[in-house]
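Undergrad:
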Amino acid sequence: IKISTRKDIPAVPREAISRQGDKTFVFVIKEATARQKEVSLGIQDGNLLEVKSGLTVGETIATSGLGTLFEGAKVEIVQ
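Numbered according to my numbering, the sequence shown spans residues 29 to 107.
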């Protein structure tokens, strides 16, 4: 069995994913504002999904409240 580890590929929890039709999105939070970004998903490992394109390692994403978020919404980050 050949196993490889990739450290430069972003992964997001399942609850951060939203779908509209056949498109998949995450909400990136920048300067307290939500921005909807279309992403392409890869493999799943437990609750994490690989993001093949559309997201950069280190970007802050929303993982809750997706039902009330929209493009340009002002948000407060709670950890």
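Note that CB positions come from ideal geometry on N, CA and C, so glycine has one too.
Excluding sequence positions up to five away, which residues of its chain have a Cβ less than 8 Å from the Cβ of Thr-118?
TA: Nothing about residue 118 can be read from this structure; the chain reaches only from 29 to 107.
Undergrad: Grab me the residues of Ile-89's own chain with a C-beta within less than 8 Å of its C-beta, minus the 5 sequence neighbours each way, in chain order.
TA: Within the same chain, Ile-89 has close Cβ partners Val-40, Ala-44, Val-54, Phe-55, Val-56, Ile-57, Leu-83.
Undergrad: Could you tell me how far apart the beta carbons of Gln-64 and Glu-87 are, in whole angstroms, since I believe they sit closer than 8 Å?
TA: Actually they do not touch by this definition, with Cβ atoms about 13 Å apart.
Undergrad: Beta-carbon separation of Arg-42 and Leu-94 under 8 Å?
TA: No, Cβ-Cβ distance for Arg-42 and Leu-94 is not below 8 Å.
Undergrad: Please return the same chain residues whose Cβ sits closer than 6 Å to the Cβ of Ala-62, not counting the five positions on each side in sequence.
TA: The residues are Phe-55, Leu-97, Ala-101, Val-103.
Undergrad: Considering only residues of the same chain and omitting the five flanking positions on each side of Lys-80, which have a CB-CB separation below 7 Å?
TA: Result list for Lys-80: Ser-68, Leu-69, Gly-70, in chain order.
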